[in-house]
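Residue numbers (my numbering), protein chains in the order written: chain A, 439 to 1195; chain B, 37 to 175.
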């Protein structure tokens, strides 16, 4: 258990409050946009990033992004305050808070970005920071595995999503979301629509843990509780939901969108809420109810009528409030009793009065009782479901099943541990006790939030309306109020409560039954994941053994065969054999250089002494340098000569250690090598002749000749290009030189250590 | 290698080659040369020294490890590129200062481009020596 290994001290310092300051300030900043957004306006601050590629750090603040921003910063403040106490005294406290802050900022970037490329970068930043957070307890194998699983799964999805973004950018002609979404039909009517949709959904579904990618989310509970509270209420997993909502105007409204989201959302919601009953760990129960919530959100984002979208937006806010609260409560229980096992927790209400009250408020909102905000959300879901244009019965049934199971889950999490008859079986030496105020203040505010918004939905209405307008252009949020009169939705609510209580009453028996079923179930997604990873590793091992043989000859052969096939294939494919070879009239010195090179080559091929072969190669190199000098490239010639010199030195140093030149019985290899060398030489000659046959494009040469002096004050064009016009390339190259030298250095030092052992 | 003539000669050679390499570095903007060639020449000087007098003496003469020199060089090159930021230009835009500029003569030109080229020199110089020294010592 996390609680027993982490120390919860009560020593107070500035460090415990400091991390909460940034999110609090950001919350205030974001709240400043409320009047603007409520009046139906949109803000678009822009910062140039890579102007030459049309990529800008542009932000879009509308109802949707503002809702997310407020949730991220608001819940972020409370979670940081909580974590300041929960993690205090931990030896990596500063590291933890830095990760959490970095994650929060990435998440803010994700929801505020107006540019698809920027959105992708922030998306990946949340993936990386969440990897660090989930794997924070890195000494345990379970944490490491969970973190890697989340990283690989959401990272793979994100790559698909990037491909989708690029297709969108190509089709729409811009990467700015606000511009893409203002062209209705530009994506849905394009032939690439299906490909775009599937790629985007791959990203959204993995991030938001939709079936069948759901299994990483419960595993991610290996993270410390504040992380779970933050990642799984308002942030990380809602990233996918945000993307679906954001792209709803551009990609939604088609049959494919409708059915994919309906089916996957419904399956996830029902499947997850049944599995939630199966769990015995508080955090696991909450994890599966999070899956249910994500499924429900996906389900309602499938539609394009305002009631369903209003239901989704309202539920998004409700869920963030109660889920963050309950996760934090689970942490307090863990902290106060030393266990999170549902079966061992009873009657904690007396020892933890404030936590009990907060949990009760959150659970009532979760179960959807009036007058809580959750009730309004549930009514909207039923109204949206029954009035859905397609498959209303299916949607309503899925919502009903999920909601009833949610009532039962709420009772399991927040009723029994506090009010259940009997004594809690705490860890030895732990007396149940209330947490310090920085820990209960968060749950209390979040729990009260659900009640206040339920009593006065008018407070949330402007933001909800603006969000609905962002998801559904021209749409208007359905009126939020507690009492809509006796109607079908109210009847369904009553049925939900009845069904929920029934499930709760039989929950122990249901759990046993589900456990038995699970034992016989042959399909395990989590194990399947291991098989996939094992397969990838095996494949990587196999291809490394095949390609990376370690023998230099094999590498050279592979490289040259590939080069020959590329050259020969291209010439063959374009049928460009008709090169009229006009033999140039060469001067004596040119003939001399050619002779020198040919003689050097012959020496290399024919000799049986390694030192002679190296000398022969040197002759060839010097011949090439002479060609450079003849044609007026002294810089290249000097470099060539110096490199030749150094190569000879290096080879001379290692000469003694190299194996004998021609192992016996390898004549066939020699013949193959000779053939390959001749073929490659012939191919290269062909290419050069073909290049010479056409006129040379001298535009670049002319540009550099003209610009070199007036613009860069240099007469040596080669050097001016290297250090000025193409300085960034040179910088990359010298970085490579340094890395290569360091790698070789480390390898050589390693050899020495191996020898010593 | 125990050759007295080589040992005596290499001491003069290394000094000459290093001076020559700096000459090549500085003239590079207008004549053949530059940081890459200069770095190669300087490295050749020390390689000769290492072969004749041993890598221990060569390392001592260098004072800094070649890896440090190469890493510092990369930093210097980066700094040369970042100098453009002081004037608000794009990354790697050349910045020039002509000391004693008159109508006919540009005077003494100083530039961020030269700083960058010095970085290139140091990276090439350090990387090659790192490699050669390691080979001499390990094999």
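Glycine included, every Cβ here is placed at the ideal spot set by N, Cα and C.
Ranked by how close their Cα comes to the Cα of residue 151 of chain B, the residues B:164, B:43, B:97 and B:64 have B:64 in first place. For residue 119 of chain B, the nearest beta carbon of chain A is not closer than 7 Å to its own beta carbon.
DSSP places residue 135 of chain B within a strand segment (E or B) once states are collapsed to three.
When CB distances to chain A are screened at a threshold of 7 Å, the residues of the region 38-65 of chain B falling below it are 64 and 65, in chain order. No Cβ-Cβ contact shorter than 7 Å links residue 646 of chain A with residue 694 of chain A. Between the alpha carbons of residue 1165 of chain A and residue 153 of chain B lies a gap of roughly 9 Å. In the structure shown, the three-state DSSP call for residue 1060 of chain A is helix. Around residue 153 of chain B, the beta-carbon contacts reaching into chain A at under 7 Å are 1161.
With its beta carbon at least 7 Å from every one in chain A, residue 135 of chain B lies outside the interface.
At a cut-off of 7 Å between C-beta atoms, residue 93 of chain B does not count as an interface residue with respect to chain A.
Between the alpha carbons of residue 786 of chain A and residue 721 of chain A lies a distance of about 17 Å. Beyond the five residues adjoining it in sequence on each side, residue 512 of chain A comes within less than 7 Å, by CB distance, of 465 in the same chain, given in chain order.
For residue 58 of chain B against residue 74 of chain B, the beta-carbon gap comes to about 7 Å, under 8 Å, which counts as contact.
In the three-state reduction of the DSSP assignment, residue 918 of chain A falls in the coil class. About 3 Å separates the beta carbon of residue 156 of chain B from that of residue 71 of chain B, a gap short enough to meet the 8 Å contact definition.
With fewer than 16 other Cβ atoms inside 10 Å of its own Cβ, residue 1092 of chain A counts as exposed. At a C-beta separation below 7 Å, residue 1152 of chain A has these neighbours in chain B: 65 and 66. The contact set of residue 97 of chain B on chain A, defined by CB atoms closer than 7 Å, is empty, because the minimum CB distance reaches about 18 Å. Of the candidates A:554, A:567 and A:811, the residue whose Cα lies closest to the Cα of residue 541 of chain A is A:567. Around the CB of residue 1157 of chain A, 16 or more other CB atoms lie within 10 Å, so the residue is classed as buried.
Of all residues in the region 69-83 of chain B, the ones placed with a Cβ closer than 9 Å to any Cβ belonging to chain A are 69, 70, 71, 72, 73, 76, 77, 79, 80 and 83, in chain order. If you draw a straight line from the Cα of residue 710 of chain A to the Cα of residue 985 of chain A, it comes to about 44 Å. Interface annotation, residue 1077 of chain A: in contact with chain B, CB-CB separation under 7 Å. In terms of Cβ geometry, residue 825 of chain A and residue 745 of chain A form a close pair [threshold 7 Å].
Under the Cβ criterion of 7 Å, residue 124 of chain B is not counted among the residues facing chain A. By the criterion of a C-beta distance shorter than 8 Å, residue 562 of chain A is surrounded in its chain by 593 and 596, once the five residues flanking it on both sides are discounted. Runs of the alpha helix (DSSP H) spanning 4 or more residues and lying entirely within the region 772-844 of chain A occur at 791-805 and 811-824, in chain order.
Between the C-alpha atoms of residue 144 of chain B and residue 1069 of chain A there is a straight-line separation of about 32 Å. Nearest to residue 635 of chain A by alpha-carbon distance, out of A:1074, A:508 and A:691, is A:691.
With distances taken between CA atoms, residue 1149 of chain A lies nearest to B:129 out of B:173, B:129 and B:165. Taking residue 500 of chain A as the centre and dropping the five residues before and after it, the same chain places the C-beta of 480 and 908 closer than 6 Å to its C-beta, in chain order. Given a length threshold of 3 residues, the region 946-1019 of chain A has no whole run of the beta strand (DSSP E) inside it. Look at the beta carbons and you see the region 1072-1086 of chain A not touching the region 963-980 of chain A: under three pairs across the two are nearer than 8 Å.
A distance below 7 Å between beta-carbons, with the five flanking residues on each side excluded, links residue 630 of chain A to the following residues of its chain, in chain order: 605 and 609. Within the region 1162-1175 of chain A, the residues whose Cβ lies closer than 7 Å to some Cβ of chain B are 1162, 1165, 1166, 1168, 1169, 1172, 1173 and 1175, listed in chain order. In the DSSP assignment, residue 931 of chain A falls within the alpha helix (DSSP H) that extends over 926-943.
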